[in-house]
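Undergrad: Before I ask anything, here is the structure I am working with.
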Amino acid sequence: DAGGFRHAGVHADSLALFKFLLQRRLDGDLEAVRDALRWELPPIGLGLLQDPPTVPDDLQDPRALELLAELRALLEAGVRVKVERYEALGFGLTSVPDAYLELVVRAARLQEPEVNRNDVLRQIRRMHFLDLGHTVRLAINLIEDKRGSPRVTCQFRSWQPFVALELARSLGGGGHSRAAGVTLVGTLDEVKRRVHQRGLERVRGEDGL
């Protein structure tokens, strides 16, 4: 209800909120709904994480012009959130370049100054895993981090037990039965090729799963 929305720190009249909830397959899971409300990013942050990205038409902040110019330059260079789905195999992969992630953080701060990188990382994990729904056996998020040595945070979620965990272990990571991960050194493209192949092997059962 509206009071519940306000209690969760979200404006009850936010059309972005309702769009956010309607577009996700929460399957009546109250905890998932509460989680989505608790960590909702401002509209521009949510929009930029879509594939393809969107920007609110009513964005008035003059500081946004510089960011929008940067966004166009990144998109022209092919730098954006990329969501790949292989539904016949029950496999999905989302990759997020570091430069794009930093732009999302800066853009979201125009509307919510307290937003930080971890807020955006949580939103990426939530929205893209939920977007894939329960139709996939394995969902993967790859998030590049160029602060220091280039590395990639790999998040794995599976609806069947041990698929995510075994994939993480095969790459030197760990976690829980259905939610696991690992951080790998290398560029996003390098790590993506490696994880993509391992993920396909897992869902195809080539490793005995």
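Positions 329 to 537 (our numbering) are the ones given, in order, by the sequence shown. Ideal Cβ positions, reconstructed from N, Cα and C, are used throughout, including at glycine.
1) Assess, as a yes-or-no matter, whether the region 373-383 is touched by the region 443-451 under the definition of 3 or more beta carbon pairs within less than 8 Å.
2) Give every residue of the same chain whose Cβ lies closer than 6 Å to the Cβ of PHE490, excluding the five residues on either side of it in the sequence, and list them in chain order.
3) Taking the Cβ atom as the reference point for each residue, do LEU495 and PHE484 lie within a distance shorter than 7 Å?
4) Excluding the 5 residues preceding and the 5 following THR481 in the sequence, name in chain order all residues of the same chain whose CB lies nearer than 6 Å to its CB.
5) Please state if the CB of PRO381 and the CB of LEU516 are separated by a distance shorter than 7 Å.
6) So, using beta-carbon positions, are LEU431 and GLU404 closer together than 7 Å?
7) Going by beta-carbon coordinates alone, are GLU415 and LEU421 separated by less than 7 Å?
8) By Cβ distance, which residues of its chain are closer than 8 Å to ARG437, with the 5 residues on each side in sequence left out?
9) Let me know the secondary structure DSSP gives GLY406 once reduced to three states.
10) Going straight from the alpha carbon of GLY337 to that of GLY514, what length do you get?
11) Using the Cα positions of LEU528 and VAL383, report the straight-line distance between them to the nearest angstrom.
12) Could you tell me the distance, in whole angstroms, from the CA atom of HIS339 to the CA atom of GLN439?
13) Would LEU493 and GLY503 be called neighbours here (beta carbons separated by less than 7 Å)?
14) Quick check: is any heavy atom of the ligand ATP less than 6 Å from the C-beta of GLY406?
15) Expressed to the nearest angstrom, what Euclidean distance is found between the alpha-carbon atoms of VAL409 and ARG453?
16) In three-state terms, what does DSSP make of VAL464?
17) When the Cα of LEU377 is compared with those of PHE419, ARG522, ASN469, which residue comes out closest?
18) Sorted by chain position, which residues of the same chain lie with C-beta nearer than 6 Å to VAL433's C-beta, five sequence neighbours on each side aside?
19) First and last residue of the alpha helix (DSSP H) that includes SER505?
20) Determine, using beta carbons only, whether PHE419 and VAL531 come nearer to each other than 7 Å.
21) Out of LEU369, ALA435, SER423, state which residue places its alpha-carbon closest to the alpha-carbon of ARG391.
22) Taking 7 Å as the threshold (C-beta atoms), are GLN488 and ARG465 in contact?
TA: This is what the structure gives:
1) With a cut-off of 8 Å, the region 373-383 and the region 443-451 count as touching, because enough Cβ pairs lie within range.
2) Along the sequence shown, one-based indexing puts residue 490 at 162. Only SER505 meet the Cβ criterion.
3) Residue mapping note: residue 495 aligns to position 167 of the sequence shown, counting from 1. Residue mapping note: residue 484 aligns to position 156 of the sequence shown, counting from 1. Taking 7 Å as the Cβ cut-off, LEU495 and PHE484 qualify as a contacting pair.
4) The residue given as residue 481 occupies position 153 in the sequence shown. Excluding its 5 nearest sequence neighbours in each direction, THR481 has C-beta neighbours in its own chain below 6 Å: ILE471, THR511, listed in chain order.
5) Your numbering for residue 516 matches position 188 in the sequence shown. Your numbering for residue 381 matches position 53 in the sequence shown. The beta carbons of LEU516 and PRO381 sit no closer together than 7 Å.
6) Translated into positions along the sequence shown, residue 431 becomes position 103. Translated into positions along the sequence shown, residue 404 becomes position 76. By the CB criterion at 7 Å, LEU431 and GLU404 fall outside the cutoff.
7) If you number the sequence shown from 1, residue 415 lands on position 87. If you number the sequence shown from 1, residue 421 lands on position 93. Not in contact: GLU415 and LEU421 (Cβ atoms no closer than 7 Å).
8) As a position in the sequence shown, residue 437 is number 109, starting the count at 1. Cβ neighbours of ARG437 beyond the five flanking positions: VAL443.
9) Position 78 of the sequence shown, counting from 1, holds the residue named residue 406. The answer is coil: DSSP assigns GLY406 none of H, G, I, E or B.
10) Counted from its first residue, the sequence shown places residue 337 at position 9. Counted from its first residue, the sequence shown places residue 514 at position 186. Reliability of the predicted coordinates at GLY337 is poor, the pLDDT of 45 falling under 50, and the value obtained from them is presented with this limitation in mind. Whole-angstrom Cα-Cα distance: 38 Å.
11) Taking the first residue of the sequence shown as position 1, residue 528 is located at position 200. Taking the first residue of the sequence shown as position 1, residue 383 is located at position 55. Roughly 33 Å separates the two Cα atoms.
12) Numbered from 1 along the sequence shown, position 11 holds the residue referred to as residue 339. Numbered from 1 along the sequence shown, position 111 holds the residue referred to as residue 439. Here the model assigns HIS339 a pLDDT of 45, short of 50, so the residue's position is not dependable, and the following value carries that caveat. Cα-Cα distance, rounded: 13 Å.
13) By 1-based counting over the sequence shown, the position of residue 493 is 165. By 1-based counting over the sequence shown, the position of residue 503 is 175. Taking 7 Å as the Cβ cut-off, LEU493 and GLY503 qualify as a contacting pair.
14) Judged by which ligands are present, the structure shown has none, so any question about the ligand ATP falls away.
15) Translated into positions along the sequence shown, residue 409 becomes position 81. Translated into positions along the sequence shown, residue 453 becomes position 125. C-alpha separation (whole angstroms): 12 Å.
16) Residue numbering aside, residue 464 sits at position 136 when the sequence shown is read from its first letter. The three-state reading of DSSP puts VAL464 in coil, since its state is none of H, G, I, E or B.
17) Residue 377 sits at position 49 when you count from the first residue of the sequence shown. Ranking PHE419, ARG522, ASN469 by Cα distance to LEU377 puts ASN469 first.
18) Here residue 433 is taken as the residue at index 105 of the sequence shown, counted from 1. Cβ neighbours of VAL433 beyond the five flanking positions: ARG445, VAL448.
19) Numbered from 1 along the sequence shown, position 177 holds the residue referred to as residue 505. Neither: SER505 is in no alpha helix (DSSP H) and is coded neither H nor E.
20) As a first step, residue 419 must be located in the sequence shown, where it is residue number 91. As a first step, residue 531 must be located in the sequence shown, where it is residue number 203. Yes; because the gap between Cβ atoms is below 7 Å, this pair is in contact.
21) Indexing the sequence shown from 1 puts residue 391 at position 63. Closest by C-alpha distance to ARG391, out of LEU369, ALA435, SER423, is ALA435.
22) Position 137 of the sequence shown holds residue 465. Position 160 of the sequence shown holds residue 488. GLN488 is positioned such that its CB atom lies closer than 7 Å to that of ARG465.
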